[in-house]
Each structure stands twice: as C-alpha cells, then as structure tokens.
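Here is the structure we will look at, set down as structure tokens.
Numbering (this note's numbering), first residue to last: 4 to 215.
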C-alpha cells in the first residue's frame, strides 16, 4: 500500500492556520484578562470600608492628680462615707442653720489662698456663682468623669474652654454654707452621673480606653 504524501503547499497552510488559531486564542485570553482586571480595579472592597470605619482601641494609663499643688494644703473635711465608722461619719458632717448635712465632697484647707488646678484634661461645662457655695467651676473629662470646684474666690476660665490637666482654673476662697472652714476648696467628683469619694480616685492610675 502506498503512503499518501501531502503536497508542499498544504504544510505551510496548516502551519499558518495553527499560528492564526494560537494568536486568536491569546488575543481573546488577554481581552478577558484585561476586562477582569478592570472589573476588580473599579470594585469597592468590603475590607477597605471596614478598615476605614474601624478605629483601633488603645489602652493607656491616666493618672488623676490633686486639684492643688500647694504643699500647705491639707484635708479639712472628708467625703461622707456610708460604710465608714461612726466617728469618721461625724467628722464628715456639715452643720448649717441648725441642720446637719452629709459632705458630698472633700474640703481642702490652707491658711493662705491657693491655686486650684484641673485634675484631668477636659472641657468647662459650667461657670457660675452661688450665694451659699461661692464661685463654681464644672469640668467634663473623658470616661464620664465630671469634677466640680466650689468655694472659689476667683475663676480663670469660662464655659467652653478646653482645659489641660494641672491647669490653674481659679483660687480657693470662702462660702456661706461652711463658714468655719475658712479659706478652702470644696471638691466633688462624679463618675457616670454618680457622686463618688474623691479619695478613691485622686493620685491613682486607671486604664483609659481611647479610640485612635
């Protein structure tokens, strides 16, 4: 049996068709690849949205300082603690107009007028004067702390001021409610809307969770 031989012009034709097919395949593949690439370039990634909106939380330490720096200042009357012994509670009472009242803060006394400082960074939310309590400054801090400074003879800040920790906000003075205290600062501290004993928080370090 004789083998059939391909004519010479047939072989180049086959090669040409093969190369043409290969070129078409590559072209189509590249077109699809470019469209896919363009599709993903124009896509909005869920992860990018999440990362843009999520704020990492940083745990930092905060130290609440005393509302004064004068070394001559001492405690004249403590916060009234319901759990304290009877003697301590008696020393924490205020007597005015034939009435005994529980002390809602700590009274710091000194023979000389002293500077009153903010215990933390914050914003002044109230400055007012009361006939019984004297001049008053209220400052709101992070983590729902509010500090109140009463019996001031002088105020150096106004409502809306941004305050730095340790900044002088006024000077100690006298009031009509607790005259026997003489020159002093009546200091109160609130946490989450509840009044607390300042002695449990002043000069102590706390965790402060803060979004960055």
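Glycine included, each C-beta is placed from N, C-alpha and C at the ideal position. A quick note: this is a predicted structure, and the numbers were derived from the prediction, not measured.
**Report entry** In chain order, each beta strand (DSSP E) run of at least 3 residues that lies wholly inside the segment 97 to 144
**Finding:** 102 to 105, 109 to 112, 118 to 120, 125 to 133 and 137 to 143
Using only the alpha-carbon positions, how far apart do residue 82 and residue 111 sit? 11 Å
Under a three-way DSSP split, which group does residue 93 fall into? helix
Looking only at its chain, what residues have a beta carbon closer than 6 Å to the beta carbon of residue 99, apart from the 5 residues adjacent to it on each side? 180
Can you tell me where the beta strand (DSSP E) with residue 183 in it begins and where it stops?
-> No beta strand (DSSP E) contains residue 183, which DSSP labels as neither H nor E.
* Asked: Among the residues of its own chain, which have a CB less than 6 Å from the CB of residue 156, if the five just before and after it don't count?
  -> 174 and 176
Inset, instruction - Within 10 angstroms of the Cβ of residue 91, are there 16 or more other Cβ atoms? Answer buried if so, exposed if not. - result: exposed
Open item on the list: For residue 48 and residue 153, what's the separation of their Cα atoms in angstroms?
Closed with: For residue 48, the predicted model reports a pLDDT of 39, less than 50, meaning its position is unreliable; a value from the coordinates is still stated below. Approximately 55 Å between the Cα atoms of the pair.
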